[in-house]
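Chemist: My structure is below; once you've seen it, I'll send some questions.
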Amino acid sequence: MAAKDKRAQYEFRQKQNETLIKEGDDLNGASFSVADLKDCSVYLLGFTQQVQVDDCDGCRIFIGPCDGSVFIRDCTDCVVSVAARQLRLRDCQNIELGVYCSTQPALESSKSINFTPWMGAYPGLTGHFSAANLDPTINSWDRVYDFTPVNAGETPNWTVQIDSNTSTPQWWEVDVVEGIPDNPVPLPDGQVYQYRGPKDDDATVADATGTGTLEIDDSQMVPNPKPLLGNTSLASSTGPSALTPIAAWRQKNLERLELKQQDEADAKAKRLEAALEFRQTFDQERMRTVESKKITNREEEQLLVQTRSKQNPSSNPWECVVGMIDFDLHTHTVDVSRFKSLLFAAKSRAAPAQ
């Protein structure tokens, strides 16, 4: 059971319409499995040793730096942002990929696979690249190798695409952990990621005279860019009390963990109470058994003393020996006649006991 619970910590399996998140401390270089998901958003925000993604449909998957291989198999209609040393796809269809890969990405028996450069960002990403021993400047995202080439005139299994609006790249910013998002991987044209801050439609700044505030309209704000692989904006609240989807998830998850912790504490208290009651019952039963055994031993000892005291002492010790032996032939299955004759002869000769 413990092994099963531990394995469950490193997998997302059989979920639908859920947001699934694992942060750096929960991953910490382990292998992870994602399987049998439908219409889910998955965030692996840390460095891993290996990641397997199987049988996912209509999902958005963000995979942080992986020191080994990322395998994507039997997936359909998914958007995936992945950073890995090796990337392998098999039996996939209609996949949008944002890729960092230090070696050639490879695919097999797959169709409608679109490769774009890595444009993901989240707080701590640079440190996770370092922990995974990946060089951000070496990115072979577009050097794709297809094990299932097509014939001349057929539609290619895969395409390579770069955002046409290179002046304002559309980054996939994931704001799950606290801090400023970062991304050490440059784009093919050399551009690097720069965090421009969240968008706030109701923002105000202090007036230079200190007598009031100046309203800032939308045209004065730096827009928060949408991700290249689709909109994953986490902050679009209409008031300060509104929660973003990630914040709502974190609050719900915190409540779930607190409830789970309380349930575990209650279960532990019940187990301790049951164990204490069992121990008390066991000790009482043991004491009764010991006292009963003491009484039985004393009675047997007294009976033995009384039996010996009734026997007449003799100068010949063999008489006592003979008295302790049952010579009834009906109670023996072994012939003891020879033994009896030797005892009688020894008795008649009054041989001293050795």
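The sequence shown lines up with residues 55 to 408 when you count with our numbering.
No residue lacks a Cβ here, since even glycine has one placed at the ideal position from N, Cα and C.
Predicted model only: the values in this text are computed from it and were never measured.
#1: I'd like the list of long-range same chain contacts for Ser391, defined as Cβ closer than 7 Å, with 5 residues on each side in sequence excluded.
#2: Can you say whether Glu354 is buried or exposed, counting buried as having 16 or more other CB atoms within 10 angstroms of its CB?
#3: Considering only the alpha carbon of each residue, which of Val153, Ser156, Asp145 and Pro171 lies closest to Glu162?
#4: For Thr350 and chain B, any beta-carbon pair shorter than 8 Å?
#5: Please report the distance separating the alpha-carbon of Arg67 from that of Leu91.
#6: Would you decide whether Asp346 is buried or exposed? Buried here means 16 or more other CB atoms lie within 10 Å of its CB.
#7: Which runs of the alpha helix (DSSP H) at least 4 residues long sit entirely within the stretch 149-203? Give them in chain order.
#8: Anyone know if the C-beta pair for Cys155 and Ala138 falls short of 8 Å?
#9: Using the DSSP secondary-structure output, state which residues sit across from Val124 in a beta bridge.
#10: In the DSSP assignment, find the beta strand (DSSP E) that holds Asp90 and state where it starts and stops.
#11: Starting from Leu99, trace the beta strand (DSSP E) both ways and give me its first and last residue.
#12: Between which two residues does the beta strand (DSSP E) holding Leu74 run?
#13: Is it the case that the Cβ atoms of Gln63 and Gly83 are separated by a distance below 8 Å?
#14: Along the chain, where does the alpha helix (DSSP H) that runs through Arg392 open and close?
#15: May I ask which residues mark the beginning and end of the beta strand (DSSP E) holding Trp212?
#16: Where does Glu331 sit, in a helix, a strand or coil, going by DSSP?
#17: Assuming Val198 and Glu77 form a contact by the criterion Cβ under 8 Å, report the distance between their Cβ atoms to the nearest whole angstrom.
#18: Can you give me the start and stop residues for the beta strand (DSSP E) that Glu65 sits inside?
Modeler: According to the structure shown:
#1: Taking Ser391 as the centre and dropping the five residues before and after it, the same chain places no C-beta closer than 7 Å to its C-beta.
#2: Classification for Glu354: exposed.
#3: Proximity to Glu162 across Val153, Ser156, Asp145 and Pro171 peaks at Asp145, based on C-alpha coordinates.
#4: Absent here is chain B; the protein component of the structure consists of one chain.
#5: When rounded, the distance between both Cα atoms is 6 Å.
#6: According to the sequence as given, residue 346 is Ser; it is not Asp. The residue is exposed, with fewer than 16 neighbouring Cβ atoms inside 10 Å.
#7: Every alpha helix (DSSP H) stretch that sits fully inside the stretch 149-203 and reaches 4 residues is listed by chain position as 179-185.
#8: Going by C-beta atoms, Cys155 is nearer than 8 Å to Ala138.
#9: DSSP lists Val105 and Leu141 as partners of Val124.
#10: First-last of the beta strand (DSSP E) with Asp90: Ser85 to Lys92.
#11: Segment Ser95 to Leu99, the beta strand (DSSP E) holding Leu99.
#12: That run of the beta strand (DSSP E) goes Thr73 to Glu77.
#13: With contacts defined as CB atoms closer than 8 Å, Gln63 and Gly83 fail to qualify as a contacting pair.
#14: In this chain, the alpha helix (DSSP H) harbouring Arg392 covers Ser391 to Ser402.
#15: Per DSSP, Trp212 belongs to the beta strand (DSSP E) from Trp212 to Val214.
#16: Here Glu331 carries a helix assignment [DSSP, helix/strand/coil].
#17: The Cβ separation is near 31 Å, so there is no contact.
#18: Glu65 to Gln70 is the span of the beta strand (DSSP E), which, as asked, contains Glu65.
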